[in-house]
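In the UniProt record's numbering, the protein residues as written are 91 to 392.
Beneath this line is the structure, given in structure tokens, with notes to follow.
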Ligand code: CAA
């Protein structure tokens, strides 16, 4: 006779401690929201680059102070949020796994680097640790397969946040083919605790947001390269004519042109040649002009 399927635990995941791996603009934003909502008893920020996590925690503190100065947050709430935050230098998968009930990975958009991290986390973290990726386009099932080294691919899900995380209200919740119902339920719980509405999206290239947004941004770069309109006019047409808060070229700078190229390559690999990154976009990345974070992209920044 066939063995009975193992029972699905009701909700084995809790929200004692969150570790966000990657102290870039997304990781810092997620950590800020986790601290400000006090959704976890502790919020760790880990990064392999020496000093990066501490710098991110300091920058979050400054942003919280500005909110207090602007009358958008009480000093007490900001104090509580700061008290929850801690910086970890280096990415020690064993220590992070042992110390976290939920891990959100937000490192650079590189499939190999993410798979390697999930392999290490899968091996080191107890099965009760929920492992989520903030990838904006890479297959969650592939990351779950990497994490299956530890024998528990079911606790891996995608939780894709939007920049700026404190402002944007939705997250894409992406179950892998192998995710258990309890892991998906836990993902919903984490999103809700962070004040976000989860939209459940299938594990396909670019999910929903970037499958729609990146070809639009890429086409805007193509229009610029073709000389059909100036940078300012392209953005002005879309802001003034369609009501978006930022034109596509300003938005590309805001997201990061390196991230835009990485996502276009994932779309191209998964969906075909029509999704090739625009050569001018690739050239900006080659020049190091990757947008706001570099001080220069299609625009220049102070
Ligand atoms: N980091 C953190 N917070 C930021 C921020 C940043 N870089 N930029 C703005 N904010 C916050 C401000 O602190 C302010 O918050 P408070 O109200 O709490 O003070 C709030 O945003 C509004 O800021 P401003 O009033 O100064 O500016 P604004 O009204 O011009 O709005 C904006 C700024 C919210 C960024 C707006 O221009 C916008 O919505 N732009 C579109 C952003 C967008 O499309 N994001 C999604 C990108 S796609 C993505 O992230 C997914 C992916 O995988 C690539």
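Think of the CB as a built atom: it goes at the ideal place given N, C-alpha and C, for glycine as much as any other residue.
Distances taken from the Cβ of residue 108 to the heavy atoms of the ligand CAA include none shorter than 8 Å.
If you check the CB distance, residue 183 and residue 157 do not come in under 9 Å. Within the same chain, 135, 137, 142, 143, 146 come within 6 Å of residue 113 by CB-CB distance, once the 5 residues on both sides are set aside. Here the C-alpha atom of residue 343 lies approximately 15 Å from the C-alpha atom of residue 328. It is roughly 23 Å from the alpha-carbon of residue 228 to the alpha-carbon of residue 311. Residue environment: residue 309 is assigned as exposed (fewer than 16 neighbouring CB atoms within 10 Å of its CB, all protein chains considered). By the C-beta criterion, the segment 289 to 301 is judged to be in contact with the segment 254 to 268, since at least 3 inter-stretch pairs fall below 8 Å.
At least one heavy atom of the ligand CAA falls within 8 Å of the beta-carbon of residue 349. Under the DSSP definition of a beta bridge, residue 210 lacks any partner. With distances taken between CA atoms, residue 272 lies nearest to 219 out of 386, 369, 286, 219. With a beta-carbon spacing of about 18 Å, residue 223 and residue 105 fall beyond the 8 Å limit used to define contacts.
Taking the CA atoms as reference points, residue 359 sits about 47 Å from residue 164.
As DSSP reads the structure, residue 108 sits in a beta bridge with 133, 192. Spanning the alpha carbons of residue 319 and residue 325 requires a straight line of approximately 10 Å.
Put simply, the backbone Cα of residue 168 is about 11 Å away from that of residue 123. Annotation for residue 249: no alpha helix (DSSP H) segment contains it, though the beta strand (DSSP E) segment containing it runs 246 to 250. At least one heavy atom of the ligand CAA falls within 8 Å of the beta-carbon of residue 250. Between residue 244 and residue 233, the alpha-carbon positions lie close to 11 Å from each other. If you check the CB distance, residue 212 and residue 237 come in under 9 Å. The segment 281 to 358 contains, as complete beta strand (DSSP E) runs of 3+ residues, the segments 287 to 290 (chain order). Remark: C-beta atoms of residue 108 and residue 126 do not approach each other more closely than 9 Å.
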